[in-house]
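What follows is one structure encoded as structure tokens, with my remarks underneath.
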Amino acid sequence: MSEEMGIFETMYNCRAMRRLDKREVPQESLEKLIEAANQAPSGSNTQNARWIIVRDPTVKAELAELNRIGVENYLAPLIDNPGSLPHQPADKRKRMADAVVWQKEHMHEIPALIIACMQFPQSPTPAMIASGNGSIWPGIQNLLLAARALQLGAAPTTLALIDQQAVAKVLNLPETMATYCLIPVGYPLGNFGPVTRKPLSEIMRYDQWSD
Ligand SMILES: Cc1cc2nc3c(=O)[nH]c(=O)nc-3n(C[C@H](O)[C@H](O)[C@H](O)COP(=O)(O)O)c2cc1C
Numbered sequence: 002m003s004e005e006m007g008i009f010e011t012m013y014n015c016r017a018m019r020r021l022d023k024r025e026v027p028q029e030s031l032e033k034l035i036e037a038a039n040q041a042p043s044g045s046n047t048q049n050a051r052w053i054i055v056r057d058p059t060v061k062a063e064l065a066e067l068n069r070i071g072v073e074n075y076l077a078p079l080i081d082n083p084g085s086l087p088h089q090p091a092d093k094r095k096r097m098a099d100a101v102v103w104q105k106e107h108m109h110e111i112p113a114l115i116i117a118c119m120q121f122p123q124s125p126t127p128a129m130i131a132s133g134n135g136s137i138w139p140g141i142q143n144l145l146l147a148a149r150a151l152q153l154g155a156a157p158t159t160l161a162l163i164d165q166q167a168v169a170k171v172l173n174l175p176e177t178m179a180t181y182c183l184i185p186v187g188y189p190l191g192n193f194g195p196v197t198r199k200p201l202s203e204i205m206r207y208d209q210w211s212d
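According to this note's numbering, the sequence shown is numbered sequentially starting from 2.
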């Protein structure tokens with residue numbers, strides 16, 4: 002693999018990396034990820050994305066506990082249920098579930114948990130929160146690509162953020178802010194590798210849709 006990854010190589014190899022080492026990530030690298038996220042577009046260039054890098058063990062433990070609740074509620078109906086996630090073969094589903102469980106058990110030890118937030122002019126309504134998605138996810142993807150290019154492991158997660166009030170308390174957020182994604186970042190324990198995605202024949206048409 003080349004020393005500096007090109008944009009396509011980075012995109013094609015940017016798998017969710019959940020198993021991460023405890024080893025600290027330099028602050029400079031973490032800030033480089035936020036700089037990359039901050040280059041993303043937002044609606045009307047409002048630039049209301051805000052980023053919190055959580056390294057404090059107490060705050061990490063509180064987020065890890067919220068994630069544990071979210072993961073356990075998510076996995077309970079999926080375990081031993083072959084009809085769940087039908088787009089995934091059983092072996093892949095099991096590998097992902099195992100990694101999600103590993104992440105659940107180790108989240109408090111991961112060196113940095115980056116929280117993607119939005120700042121609103123007032124306490125946001127559910128519609129405002131929903132419309133914020135379009136302006137936060139480009140930054141999240143930039144951050145994930147930057148992490149991959151720096152050989153850092155990362156994954157987008159949302160299960161810790163289901164109880165927004167609890168998250169707001171943990172992070173000391175004003176009522177004008179909402180959280181969208183928690184990205185654990187660290188050096189990978191597993192191997193990087195290519196993503197597996199559907200072929201163009203399934204997901205693309207010219208001019209008009211046809212089955
Ligand atoms: C909106 C969104 C929410 C996600 N939430 C979680 C999550 O809570 N926990 C988790 O481990 N992964 C989460 N993921 C990661 C996905 O499971 C992962 O991106 C997908 O399985 C593809 O994985 P791959 O890139 O390794 O192929 C989320 C991804 C997205 C885009």
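Built from N, CA and C at the ideal position, the CB exists for glycine as well. Computed from a prediction, not measured in an experiment: that's the story for all the values here.
Can you give me the C-alpha to C-alpha distance between residue i and residue j, rounded to a whole angstrom?
i      : j      : result
Ala162 : Pro189 : Checking the sequence shown, residue 162 turns out to be Leu, not Ala. Near 23 angstroms, if we compare the C-alpha coordinates of Pro189 and Leu162.
Pro125 : Pro58  : 29 angstroms
Ser43  : Leu34  : 17 angstroms
Asn39  : Ala50  : 8 angstroms
Ala169 : Glu203 : 40 angstroms
Ile70  : Lys95  : 20 angstroms
Glu63  : Ala167 : 9 angstroms
Leu183 : Gln142 : 12 angstroms
Ala155 : Lys105 : 14 angstroms
Ile115 : Met97  : 21 angstroms
Trp210 : Ala91  : 30 angstroms
Pro127 : Asn68  : 22 angstroms
Asp212 : Trp138 : 29 angstroms
Ser3   : Phe9   : Residue confidence is low: Ser3 scores 49 on pLDDT, short of 50, so the model does not pin down where it sits. No coordinate-derived value is stated.
Gln165 : Ser136 : 19 angstroms
Asp208 : Pro200 : 18 angstroms
Glu66  : Met205 : 40 angstroms
Gln48  : Met12  : 24 angstroms
Once you ignore the five residues that flank residue i on each side, which residues in its own chain have a CB closer than 8 angstroms to its CB?
i      : result
Asn14  : Met6, Arg149, Phe193, Gly194, Pro195 and Val196
Val102 : Val72 and Leu76
Pro122 : Thr177
Ile53  : Ile115, Ile116, Cys118 and Leu172
Quick one: what does DSSP say residue i is sitting in, helix, strand or coil?
i      : result
Thr47  : coil
Leu249 : The structure shown does not extend to residue 249, since the chain is modelled only from 2 through 212, so no value can be given for it.
Leu172 : helix
Trp103 : helix
Ile111 : coil
Ser211 : coil
Once you ignore the five residues that flank residue i on each side, which residues in its own chain have a CB closer than 6 angstroms to its CB?
i      : result
Pro112 : Glu25, Val26 and Gly187
Asp22  : Gly187, Tyr188 and Leu190
Gly140 : Ala38, Ala41 and Ala50
Report the residue from the options whose alpha carbon sits nearest the alpha carbon of residue i.
i      : options                         : result
Ala17  : Asp208, Asn134, Ile35 and Asp99 : Asp99
Leu174 : Gly154, Ile184, Asn68 and Val60 : Val60
Val55  : Phe9, Gly133 and Met108         : Met108
Ile130 : Glu63, Ala179, Glu110 and Lys95 : Ala179
Leu153 : Pro185, Leu201 and Leu79        : Pro185
Gly133 : Met12, Gln28 and Asn46          : Asn46
Comparing the CB of residue i with every heavy atom of ligand 3, is any distance shorter than 7 angstroms?
i      : result
Pro139 : No copy of ligand 3 occurs in the structure displayed; its ligands are ligand 1 alone.
For residue i, which residues of its own chain have a beta-carbon under 7 angstroms away from its beta-carbon, when the five flanking residues on both sides are left out?
i      : result
Ala1   : A query on residue 1 cannot be resolved here, the shown segment of the chain reaching from 2 to 212 and no further.
Arg19  : Ala100, Val101, Trp103, Gln104 and Ala156
Glu213 : No statement about residue 213 is possible, as the shown extent of the chain runs from 2 to 212 and does not include it.
Ser30  : Leu151 and Leu153
Query - By C-beta, the residues closer than 5 angstroms to any heavy atom of ligand 1, given in chain order - result: Those residues are Arg16, Ala17, Val101, Pro157, Thr158, Thr159, Leu160 and Val196, given in chain order.
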